[in-house]
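Written out below as structure tokens is the structure these notes cover.
Protein chains: 2
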Amino acid sequence: MGELSIPIGKLARSVGCKVQTIRYYEQIGLLPPPVRTAGAQRRYGEAQRQKLSFIRHARELGFPLPAVRELLALSDEGDSDCAKADGIARRQLEAVNRRIAMLSSLRSELERMLHHRHGHRIRDCRVIATLADHALCSQDHHAERAES
Amino acid sequence: MGELSIPIGKLARSVGCKVQTIRYYEQIGLLPPPVRTAGAQRRYGEAQRQKLSFIRHARELGFPLPAVRELLALSDEGDSDCAKADGIARRQLEAVNRRIAMLSSLRSELERMLHHRHGHRIRDCRVIATLADHALCSQDHHAERAES
DNA sequence: CCTAAAACCTACAGCGACTGGAGCTTCAAG
DNA sequence: CTTGAAGCTCCAGTCGCTGTAGGTTTTAGG
Ligand SMILES: [Zn+2]
Ligand SMILES: [Zn+2]
Ligand SMILES: [Zn+2]
Ligand SMILES: [Zn+2]
Chain A
39 MGELSIPIGK LARSVGCKVQ TIRYYEQIGL LPPPVRTAGA QRRYGEAQRQ KLSFIRHARE
99 LGFPLPAVRE LLALSDEGDS DCAKADGIAR RQLEAVNRRI AMLSSLRSEL ERMLHHRHGH
159 RIRDCRVIAT LADHALCSQD HHAERAES
Chain B
39 MGELSIPIGK LARSVGCKVQ TIRYYEQIGL LPPPVRTAGA QRRYGEAQRQ KLSFIRHARE
99 LGFPLPAVRE LLALSDEGDS DCAKADGIAR RQLEAVNRRI AMLSSLRSEL ERMLHHRHGH
159 RIRDCRVIAT LADHALCSQD HHAERAES
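Chains as they are written, first to last, in my numbering: chain A, 39 to 186; chain B, 39 to 186.
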């Protein structure tokens, strides 16, 4: 009753994610299968809540799931060198920096086309004209992958 | 042979996308079906090349496909008011700004955890510790799914 | 103890915007 | 005429969830 008694909905609320997300993490082996009641419902304890919280926090910081998996594994090895963990975080920082650079370039291009004075009809619209002709752009904003 | 003679691979190279992407755009009704050779191979003309180029440029600027669809439709109506097109671009700019704000917040959090001096073992690692406890973060970086 | 509602279960489909592969056919250069 | 590149269709996979259908279990009130 005391320890392993958290049902999945309460756990989801406590870490701010959906119930399905937790089941998904279990399915892909990120969270270990919890104990079940006689009626096959999942019951969690504090240790698993912390693990899930770790995962969600890493996800909120943009780490992809494979990186989260590595970080989780590392977090269990207190004696090991943390260079690996730091490396993962550094690569994530670099990825974030690349995305910011890309988006800044997109932003300036969007601002350019919007702030350029132009007529009110489509045929005089700077937005449409710019989309039709990249030469009207000031920079190379070419996206290789600006996602996430 | 003069006009409608561009095969799909050449078209793809000329706009900088994959062959499959063009077929995909046709499949979802973004590009009209081109003429075919006797052997059922696609052949494109200059007008379609320009349309595809418009689509790719809009995608590079981060517009989602439904927005691209609208912009394409608008671009064919030279007499209409361009307020709609400008509105779509403005919303895209706002989305980009939200994404940049989110990523900047992530960046500063990642920098904080990386630049904080800490020991070389996992148990003293600031990266792992921060992931395990959001209280070590300085801001609310909580991602609400701000999309491209 | 009984009932009703809330929460849970599994299994699977769908999102966005492509991308890759298998297994075949057609085209164009030499 | 041969050959290899490029084309074709159909389907599955990517990422990280999210939603739905159709059923079962838990829990609180009466
Ligand atoms: Zn305009
Ligand atoms: Zn451009
Ligand atoms: Zn460290
Ligand atoms: Zn945090």
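C-beta atoms are modelled at their ideal positions from N, C-alpha and C, and glycine is treated no differently.
Proximal residues to B:His-156 (C-beta, below 7 Å), its chain only, five neighbours per side dropped
Exclusion of the five residues before and after B:His-156 leaves Asp-162, Cys-163 and Arg-164 as the residues of its chain whose Cβ lies within less than 7 Å of its Cβ.
Who are B:Asp-119's beta bridge partners in DSSP?
In the DSSP secondary-structure assignment, B:Asp-119 is bridged to A:Arg-159.
Can you name the residues of chain A whose CB is closer than 8 Å to the CB of B:Glu-84?
None at all; the shortest Cβ gap to chain A is about 13 Å.
Against A:Ile-138, what residues of chain B qualify as contacts under a CB-to-CB distance less than 8 Å, listed in chain order?
Scanning chain B for C-beta atoms nearer than 8 Å to the C-beta of A:Ile-138 yields Ile-138, Leu-141, Ser-142 and Arg-145, reported in chain order.
Just reading off the alpha helix (DSSP H) that B:Gly-47 is part of, what are its end residues?
That run of the alpha helix (DSSP H) goes 46-53.
Are the beta-carbon atoms belonging to A:Lys-131 and B:Arg-145 less than 8 Å from one another?
Just to set this straight, residue 131 of chain A is Leu in the shown sequence, not Lys. Contact: yes.
Using only alpha-carbon positions, find the residue among B:Arg-74, B:Ile-160 and B:Ala-127 that is nearest to A:Leu-169.
The option with the nearest alpha carbon to A:Leu-169 is B:Ala-127.
Given 7 Å as the limit, tell me if B:Cys-55 has its C-beta closer than that to any heavy atom belonging to ligand 2.
False, no ligand heavy atom lies under 7 Å from that Cβ.
I'd like to check one pair, A:Gly-116 with B:Arg-159: are the Cβ atoms closer than 8 Å?
Result yes, Cβ atoms of B:Arg-159 and A:Gly-116 sit closer than 8 Å.
Return the residue from the list B:Thr-59, B:Leu-103, B:Ile-66 and B:Cys-175 that minimises the CA-CA distance to B:His-153.
For the residues B:Thr-59, B:Leu-103, B:Ile-66 and B:Cys-175, the minimum Cα distance to B:His-153 belongs to B:Cys-175.
Are at least three pairs of beta-carbons, each pair with one atom in the stretch 135-143 of chain B and one in the stretch 56-69 of chain B, less than 8 Å apart?
Counting Cβ pairs under 8 Å, fewer than three are found: no touch.
Curious, which full-length alpha helix (DSSP H) runs of at least 4 residues does the stretch 127-182 of chain A contain?
For the stretch 127-182 of chain A, the continuous alpha helix (DSSP H) assignments of 4+ residues that do not extend past its boundaries occur at 164-170, in sequence order.
Taking C-alpha atoms, which residue in A:Arg-61, A:Ala-181, A:Ala-121 and A:Phe-92 lies nearest to A:Met-140?
A:Met-140 has its Cα closest to that of A:Ala-181, out of A:Arg-61, A:Ala-181, A:Ala-121 and A:Phe-92.
Name the residue from A:Ile-166, A:Leu-148, A:Pro-104 and A:His-95 whose alpha carbon lies nearest to the alpha carbon of B:Lys-100.
In the sequence under discussion, the amino acid at residue 100 of chain B is Gly, which differs from the Lys named in the question. That would be A:Leu-148, whose Cα lies nearest to the Cα of B:Gly-100.
Cβ of A:Asp-124 versus every heavy atom of ligand 3: is any distance shorter than 7 Å?
For A:Asp-124, the Cβ falls inside the 7 Å cut-off from some heavy atom of ligand 3.
Close beta carbons around B:Arg-150, own chain, < 8 Å, minus the five adjacent residues each side
Here B:Arg-150 has Thr-168, Cys-175 and Ser-176 as same chain residues with Cβ atoms under 8 Å from its own Cβ, once five neighbours each way along the sequence are excluded.
Buried versus exposed call for A:Lys-89 [16 or more other C-beta atoms within 10 Å across all chains shown]
With 16 or more neighbouring CB atoms inside 10 Å of its own CB, A:Lys-89 falls in the buried class.
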